[in-house]
Each structure stands twice: as C-alpha cells, then as structure tokens.
Amino acid sequence: EAGVAQSPRYKIIEKRQSVAFWCNPISGHATLYWYQQILGQGPKLLIQFQNNGVVDDSQLPKDRFSAERLKGVDSTLKIQPAKLEDSAVYLCASRDTRGSTDTQYFGPGTRLTVL
Amino acid sequence: QKEVEQDPGPLSVPEGAIVSLNCTYSNSAFQYFMWYRQYSRKGPELLMYTYSSGNKEDGRFTAQVDKSSKYISLFIRDSQPSDSATYLCAGTSGNTPLVFGKGTRLSVIA
Chain B
-16 EAGVAQSPRY KIIEKRQSVA FWCNPISGHA TLYWYQQILG QGPKLLIQFQ
34 NNGVVDDSQL PKDRFSAERL KGVDSTLKIQ PAKLEDSAVY LCASRDTRGS
84 TDTQYFGPGT RLTVL
Chain X
113 QKEVEQDPGP LSVPEGAIVS LNCTYSNSAF QYFMWYRQYS RKGPELLMYT
163 YSSGNKEDGR FTAQVDKSSK YISLFIRDSQ PSDSATYLCA GTSGNTPLVF
213 GKGTRLSVIA
C-alpha cells in the first residue's frame, strides 16, 4: 500500500511571497489533515477534510492560509503572503474511516523556510 | 497550561537500557492516547494506540495510561540504536483533533 505523498519536500521563499503544497493521501482514505510542525514542537492541526468538505479549520489562519480538496482526493495548502513565523514542516495525514481504527498515516512533510 | 505536556529531552541512554517516556494531559475528555515515533526529516508514524486506562504491550514497547492522574507512559525494553527518534504523545476525546505533546528526543548509544 503506497503511503501519503507530499511535494515539494523542501521550499525556501522570501516573506510576502506565496507558496503551495500538495498532498496525495492513501487511496480510499476519506479523511485528510494538514498539520503545521514548528521546530521543537508537536504537530498542530490546521485543517481537517472529510471527503471534499471541511470538518475543522478553527486553527487555520484564514487571512493567509487556504486549503482545498477537490474531488475528495488530492489536497493543496496555500500560504499567501508568507511570514517569517510560517517557517515549519507542513505535514499531511490521512485516515481510513471505514474501519474501527483511528490511525492517521502521515506523509514525509514539506519543510518551508521563509527568509 | 498546554493540553499535553511532554519533556523535550534530549534523553540519551546506552543500548539495552529500559527507556521511560512520559506525558501529562489536562483534558478530562481524552479517551484515546497515542504514541508516535518520528525519525529525523520524516513524518510521525503510529507506534502505540490505547483506549482509556490500562496497559498495552507490543513487542519491546508498552504503553500505559493512568486517567486518574492524567499520566501517559511509553516503556521501551532492550533499547536499540534504531529506536533513536523523537517520540510524540497525543490524546483525543475521539471526535476532536489529536493534541500532541512537544515530543521527546531519544538517543540510544551503541
């Protein structure tokens, strides 16, 4: 079974620029999450999708961050404009809600550096 | 007070030692507790999953939850250099997002 794919793996931009991250979840997983992990911290949920609908985006800074999951499969997370404090690893995770497990499977992440 | 507190370490132990990793949490609604392992430049991977209080064992790993004291533990027996990673604890009520601790960085020295 292929894992969660993310691209790019690394991105360096200057503040006020825009950036987009892509995630392809495990096939058949209806639930998709985007997390932000700042160095030395645990992952913090930004947004949760169930199929192509948003379940929870309460911690997403909506003035600069946006996310979509068209067709309930792939997802993109965008930051516009970026700030220095957005430097972090952005993790995508997916979960199969058909079974009894609550296991979230994480991708390798995109490491963003904002200069 | 953060919902999940975890000592960031780093923790350095010799190969073969028993490792004890701990977290405390403040949200009484938490019912499900997880331990994730995160290698450098990789995403977290689920190691142990526990519902409510009690112990769960899987090979060299034992997860323990004490809901009365809001204390979560992970024990690693016969630790190996390949266990060197950051260990993240997390809790949830089941229909709320996972709340992670900061992670404890573990080094097992050969």
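Chains B and X, in that order, are what the protein sequence lines are.
One point on numbering: in my numbering, the residue at position 62 of the first sequence is 45, and numbering is uninterrupted.
Remember, my numbering sits 112 above the position in the second sequence when you count from 1.
Think of the CB as a built atom: it goes at the ideal place given N, C-alpha and C, for glycine as much as any other residue.
{"Item": "Phe89(B): contacting residues in chain X (beta-carbon distance under 9 Å)", "Value": "Tyr148, Gln150, Lys154, Gly155, Pro156, Glu157, Leu158"}
{"Item": "Proximal residues of chain X, C-beta to C-beta of Leu28(B) below 8 Å", "Value": "Pro209, Leu210"}
{"Item": "Helix, strand or coil at Gly55(B) according to DSSP, with G and I counted as helix", "Value": "helix"}
{"Item": "Three-state secondary structure (DSSP) of Leu67(B)", "Value": "helix"}
{"Item": "Selection from Thr136(X), Ser132(X), Thr208(X) that minimises the alpha carbon distance to Asp39(B)", "Value": "Thr208(X)"}
{"Item": "Residue of Leu98(B), Thr14(B), Pro64(B) minimising C-alpha distance to Gly55(B)", "Value": "Thr14(B)"}
{"Item": "Beta-carbon spacing of Tyr144(X), Pro156(X) below 9 Å", "Value": "no"}
{"Item": "Whole-angstrom distance between Thr216(X) and Thr136(X), CA atom to CA atom", "Value": "13 Å"}
{"Item": "Where Ser124(X) sits in the DSSP three-state scheme", "Value": "strand"}
{"Item": "Test: Leu200(X) CB closer than 9 Å to a CB of chain B", "Value": "yes"}
{"Item": "Close-in-space but distant-in-sequence residues of the same chain around Leu133(X) (CB under 6 Å, 5 per side omitted)", "Value": "Leu186, Tyr199, Thr216"}
{"Item": "Same chain, Cβ closer than 7 Å to Ala197(X), neighbours up to 5 away in sequence not counted", "Value": "Arg149, Gln150, Tyr151, Leu218"}
{"Item": "Contact residues within the region 168 to 191 of chain X, judged by C-beta distance below 8 Å to chain B", "Value": "none"}
{"Item": "Alpha carbon of Val220(X) to alpha carbon of Phe173(X), nearest angstrom", "Value": "15 Å"}
{"Item": "Cβ-heavy atom distance, Gln(-11)(B) to the ligand ATP, below 8 Å", "Value": "In terms of ligand content, the structure shown is empty, and the ligand ATP therefore cannot be addressed."}
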